[in-house]
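This report refers to the structure that appears directly beneath it.
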Amino acid sequence: MTTLLEQTLAPLPSRLPPVERRAVMPAGFAAAAMAAGIKASGRPDLGIVSASSGESTRGVPVAGIFTTNALPAAPVRLSKKHLSATLRSGVGSYGWTRGLVSTSGSANAATGEAGDVDQAEIAQHFASALGTRPEQTLALSTGVIGTRLPVDAVAAGIDELVPRLSSEDAALAAVAEAICTTDSRIKVATVSLPVDAGRDRAPTSFRVSGFAKGVGMIHPRMATMLSVVLTDAPAEPVLLHEILVSAATRTWNQLSVDGDTSTNDTVFLLASGAAGGTAVPAGSQAARALAGGIEAVARDLARQQAADGEGATTLITCQVSGAVDEIAARAIAREVVSSSLVKAAVHGRDPNWGRIAAAAGNAGMEIDPNRLRIAIAGSLVFDGPAGGPLGFDPAAVRAAMQAPELLIRLDLGAGDGIGEAFGCDLTEAYVVENSEYTT
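Quick note on the working numbering: the sequence shown kicks off at 28 and runs consecutively.
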């Protein structure tokens, strides 16, 4: 049985490949970004990514996950429609693409049929500029709800950016910046994966890189915020979708800043195949390596987003072990990092294990208080098997809570289920920022 003090919890870096926080463009992709005039601030707000598909006209494989908000934005509706249109068979959020357009400053959500028309016109313009078909274009948008995109400005920006498409790393970083709104910094991550392709093939390597935005209105449900993950691995769309869903379940779906799910949540996973070779077979060692790399990038991006939460001073990581299964462990961890009382206690450097226990109990999972153990910043503060509350040095725990990341650990003593979630403290700055910024 996995216990709090005996075994490191997963998913953690020890079970995933190491991640570098820098923008590295995988082979087969190019990008460009600029300030097109969507944001009144004049900051970059338009980015494009193109995918080279060699001689193929259908594009590169792609998978997507989208918001479960009942009011999805126009870019979400367009992307889901285009993925369905490019599927060879079956139904799902995966297919083929030649590139994507990202905009920030206007969400193009709750804009009615006019917003859908605007999004379609932008896709058509991008496709014409690339020499592809509109249904091979995907879209991401973030910003103020209820405002339409300035189509003419975006179209003019696309015309300027397409000739500037670059495979340099700086181009990927530029798109990561152009997608930001209230983020204080860009969020990028990359891994390099050595892959044993089998007896009949020489070892090779895959590159996985991603960028993300979102530090407010972050509480994804089977979705994410806005993120794009690129890889040069050869893979079919259905495998990408399976890998992406699994990765998002353990990472972005375990992220909460403020409990609000956006209308625009989107994540795309594109595979250029530029690393060479045939498509990675499902269930193979190469598929497991690719899945690990994608989860590692997703996990690191999610942690960066939590750490940069609006007004935040502390990244909260909650790890749960000893649950009846992984689903229960993830649910409890997420409930803890989502609790406003826990978040406020963390901001006040208050080692309030009672709030943690109460939040865990709200997850809808069975918890035996006589088996429950809780540790804050490395100090065991509640031990059910030993009778419950423990005597501990509050001043020492408060001092440990001053670190930029706080680790909260719970062991339920009921099974082998393990999971984690990421959040941040709740501060006065969050209230000020969201009272002054329209969403």
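Note that CB positions come from ideal geometry on N, CA and C, so glycine has one too.
- Taken through DSSP and simplified to helix, strand or coil, ILE394 comes out as coil.
- Contact between the segment 160–174 and the segment 47–54 is absent, with fewer than three C-beta pairs closer than 8 Å.
- Going by beta carbons, PRO102 and GLN146 fall inside the 8 Å limit.
- The residues GLU337, GLY338, in chain order, have a CB closer than 6 Å to that of TYR457 in the same chain once the five nearest residues on each side in sequence are set aside.
- The beta strand (DSSP E) runs of length 3 or more contained entirely in the segment 320–361 are, from start to end of the chain, 342–350.
- Setting aside the 5 residues that flank it on each side, GLU148 is surrounded in the same chain by VAL178, each with a C-beta closer than 6 Å to its C-beta; the list follows chain order.
- In the three-state reduction of the DSSP assignment, ARG191 falls in the helix class, which pools H, G and I.
- By the Cβ-count criterion, SER365 is buried, with 16 or more other Cβ atoms from all chains shown falling within 10 Å of its own Cβ.
- Taking C-beta atoms as the reference points, SER236 and LEU220 fail to come closer than 8 Å.
- Per DSSP, the unbroken beta strand (DSSP E) holding LEU437 starts and ends at 432–438.
- A contact is defined here as three or more CB-CB pairs under 8 Å, and the segment 316–325 fails this definition with respect to the segment 359–375.
- The beta carbon of ASP72 is closer than 7 Å to those of ALA62, ALA63, ILE65, LYS66, THR130, SER131, GLY132, ALA205 in its chain, skipping five residues each way along the sequence.
- The continuous stretches of beta strand (DSSP E) do not include THR290, and DSSP gives it neither H nor E.
- Apart from the 5 residues on each side of it in sequence, ALA301 sits with its Cβ closer than 6 Å to the Cβ of ALA54, GLY55, ASP259 in its chain, given in chain order.
- The segment 302–313 makes no contact with the segment 403–422, as fewer than three CB pairs between them are under 8 Å.
- Contact between the segment 177–191 and the segment 199–215 is absent, with fewer than three C-beta pairs closer than 8 Å.
- Distance from the CA of ALA239 to the CA of VAL128, rounded to the nearest whole angstrom, comes to 14 Å.
- For the pair GLU460 and ILE343, the Cα-to-Cα distance works out to about 20 Å.
- At a Cβ-Cβ threshold of 8 Å, ILE359 and ALA390 count as neighbours.
- The bridge partners DSSP lists for SER232 are PRO221.
- For ILE65, the secondary structure class from DSSP, reduced to helix, strand or coil, is coil.
- It is roughly 24 Å from the alpha-carbon of GLY126 to the alpha-carbon of THR138.
- Rounded to whole angstroms, the separation of the alpha carbons of VAL347 and LEU434 is 11 Å.
- Contact annotation: ALA198 and ALA58 have beta-carbon atoms nearer than 8 Å.
- If you draw a 10 Å sphere on the C-beta of ARG42, you find fewer than 16 other C-beta atoms in it, and that means exposed.
- Here LYS214 is bridged, per DSSP, to ALA239.
- Here VAL256 is actually not in contact with ILE213; their C-beta atoms are around 15 Å apart, not less than 8 Å.
- The C-beta distance from ARG357 to GLN429 rounds to 28 Å, too long to fall under 8 Å, and the pair is not in contact.
- Look at the segment 382–428 and you find these whole runs of beta strand (DSSP E), each 3 residues long or longer: 400–403, 406–410.
- Secondary structure within the segment 126–195: the alpha helix (DSSP H) runs of 4 or more consecutive residues, fully enclosed, are 139–157, 178–188 (chain order).
- Going by C-alpha positions, VAL189 is about 28 Å away from ALA325.
- One alpha carbon belongs to THR290, the other to THR169, and they sit about 9 Å apart.
- Its Cα nearest to that of THR278, the residue CYS345 stands out among SER193, CYS345, LEU297.
- Within the model, the alpha-carbon separation for VAL144 versus THR124 is close to 20 Å.
- When only Cα atoms are considered, THR276 and ASP352 end up about 14 Å apart.
- The continuous stretches of beta strand (DSSP E) do not include THR113, which lies in the alpha helix (DSSP H) extending over residues 101–113.
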